[in-house]
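Below: one structure, written as structure tokens.
Numbering (the numbering used here), first residue to last: 10 to 155.
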């Protein structure tokens, strides 16, 4: 029996060490650049996405600070949306089985948004809650004419 415990201990040490070093050495700068490039590509060439700081949060999440979406109008640059801190976390199932399920929260000076985004066969589901949210803070609504 002690021999089996020794092998179980080695296996658990391997799993712990593997996960620790995977988390520690993961190329977060590459992931940050990919997120920025993907968002900018989907928004179009007139838009720019900036992330000040990108750091991991637990195992399947990330914390982004000073996030901005900018629009270029000739020589002018206009901030459409900004957040002091954004947290995103993918579910473990979405990582292993490919079904997108992401929880998120975003905070700026006075307001916060939190919710869940889930991709389904029919499209997607979005559920969110707002706290002290001023819709006028969304810069992209300036162009809406009533």
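Yeah, the Cβ is synthetic: ideal placement off N, Cα and C, and Gly gets one too.
For the putative contact between residue i and residue j, defined by C-beta atoms under 8 Å, what is the C-beta separation to the nearest angstrom?
i           : j           : result
residue 123 : residue 113 : 7 Å
residue 65  : residue 32  : 7 Å
residue 141 : residue 119 : 6 Å
residue 52  : residue 60  : With 8 Å as the limit, residue 52 and residue 60 do not qualify as a contact, their Cβ atoms being about 14 Å apart.
residue 88  : residue 79  : 6 Å
Can you give me the C-alpha to C-alpha distance between residue i and residue j, rounded to a whole angstrom?
i           : j           : result
residue 134 : residue 126 : 6 Å
residue 94  : residue 76  : 7 Å
residue 96  : residue 63  : 10 Å
residue 48  : residue 42  : 10 Å
residue 11  : residue 30  : 28 Å
residue 58  : residue 45  : 6 Å
residue 110 : residue 82  : 34 Å
residue 24  : residue 136 : 35 Å
residue 27  : residue 90  : 38 Å
Check residue i in the structure and name its three-state DSSP category.
i          : result
residue 51 : helix
residue 15 : helix
residue 85 : strand
residue 62 : strand
residue 41 : helix
Quick one: does the C-beta of residue i sit closer than 7 Å to a heavy atom of the ligand GTP?
i           : result
residue 122 : The ligand GTP is absent from the structure shown, which contains no ligand whatsoever.
With a threshold of 7 Å on Cβ separation, who are the neighbours of residue i within its own chain once the five nearest residues in sequence on each side are excluded?
i           : result
residue 102 : 108, 110
Below 8 Å CB to CB, which residues in the same chain sit around residue i once its five sequence neighbours on both sides are set aside?
i           : result
residue 132 : none
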